[in-house]
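Okay, so here's the structure we're looking at.
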Amino acid sequence: MQPKTNADHALTIARFAAKAAMGYFRGPLGTQFKDDASPVTQADRGVETLVRDYLTQHFPDHGIFGEEHGIEGAGNREMWIIDPIDGTRSFLSGHPLFGFLLGHLIDGIPQIGVIGMPALDEIFLGVKGEGAALNGAPIRCSTQTDLDQAILYINEGEKIYAAHPQIFAALTQAGQTRRFSYDCYPHALLAAGHVDAVVDYDLQPYDYLPLMVVIQEAGGIITDWEGKPLTLDSDGKVLSAATPQIHAQLLAMVGR
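Residue numbers (this note's numbering): 2 to 257.
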């Protein structure tokens, strides 16, 4: 039997993390609020603890950076990054579009990305140089090049409106179809060819780094609002697009 690859381990983790999350979903959650007013539940902590225990067992020399329990092994060349419940507000309100995010980085550069959607039984996987897939079937971004004909998702719209009202106003007039949304699923839909662009805001590294390989290996582009590559130190403004043409048109809009 061939030894498990890092991608095999990532899929194993995504499957048991989904099962664990669904064990809490729409049940008593013991919700608390952090200093920044963001919620955290026993599900967030419980899922992350399970993932950390697995990674510590199988990759003792790798670092781990999780939303709930911080960084261990920050100086290690290889690191796993975890968002156990991406969309805690969705999760605690019984909305099924919460996700699970996992990334594997070498020297800070994502090599593997997982977007798990536990309530939908979907796992999006991207492996650098090997393509992207949904539940094992290859996926590709759309070929749309005209923003006026594009399907655009605007994530964290109220935050964008509060901080950048002019950009928000422009975005609400962009695209042929637009939807307001949150969290990771719009980016997954982009990788699968259903959405042409996603504008996102106020994200943390564990929110955007796992998305990168999935989108890039599906043929798309993901950067910050200035068109720069996303890193552990990016400012949390994220732009995903199916094609360079859509990306450039949106950069001209959000980069004002």
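Note that beta-carbon positions come from the ideal geometry of N, C-alpha and C, so glycine has one too. Since we're looking at a predicted model, the values are computed, not measured.
Residue i: first and last residue of the uninterrupted beta strand (DSSP E) it sits in
i	result
VAL200	198-201
ARG179	178-182
HIS105	100-107
GLY256	Element bounds for GLY256: n/a, residue is neither H nor E.
GLU123	123-128
LEU148	Premise fails: LEU148 is in no beta strand (DSSP E) and is neither H nor E.
Three-state class that DSSP yields for residue i in the structure shown
i	result
SER235	coil
ALA243	coil
ASN77	coil
PHE66	strand
GLY47	helix
MET2	coil
ASP84	strand
GLY95	coil
THR57	helix
Residue span of the alpha helix (DSSP H) that contains residue i, given as start and end
i	result
GLY137	Note, GLY137: premise wrong, no alpha helix (DSSP H); not H, not E.
ASP225	Where ASP225 is concerned, there is no enclosing alpha helix (DSSP H), although the beta strand (DSSP E) it sits in stretches over 222-225.
ARG16	7-25
LEU171	Rather than Leu, the amino acid found at residue 171 in this sequence is Ala. Segment 166-172, the alpha helix (DSSP H) holding ALA171.
For residue i, the nearest candidate out of the options (CA to CA)
i	options	result
ARG53	GLN43, HIS195, ILE83, VAL215	ILE83
HIS10	HIS105, LEU98, GLY71	HIS105
THR173	ASP45, VAL199, GLY28	VAL199
TYR209	GLN246, ILE116, PHE181	ILE116
ALA138	ASP147, ILE152, GLU123	GLU123
ASP236	ALA243, GLY228, ALA242	GLY228
ILE65	TYR207, GLY100, LEU212, ASP234	TYR207
GLN219	TYR55, GLU131, LYS20	The amino acid at residue 219 is misidentified as Gln; the sequence shows Ala. Selected option, being the one with the closest Cα: GLU131.
LYS129	PRO111, ILE222, ALA19, HIS59	PRO111
GLY256	THR42, PRO97, TRP226	TRP226
ASP203	ALA242, HIS165, LYS5, ALA44	HIS165
HIS195	GLU68, THR50, ALA170, SER241	SER241
MET118	ALA253, TYR186, ALA192	TYR186
GLN43	ILE113, PRO85, LEU126, GLU79	PRO85
LEU252	ILE222, LEU233, THR232	ILE222
GLN205	ILE161, ASP149, GLY67, ILE113	GLY67
ALA193	ASP201, ASP45, GLN177, ILE216	ILE216
Bridge-paired residues (DSSP) for residue i
i	result
ASP208	DSSP output for ASP208 lists no bridge partner at all.
PRO111	LEU106
ASN156	SER182
MET118	GLU123
ILE72	PHE66
Neighbour-count burial assignment, residue i, 16 or more Cβ in a 10 Å radius
i	result
GLY95	exposed
LYS238	buried
PHE17	exposed
GLY28	exposed
THR144	exposed
HIS59	exposed
GLY24	exposed
ALA133	buried
ASN156	buried
GLY109	exposed
GLY71	exposed
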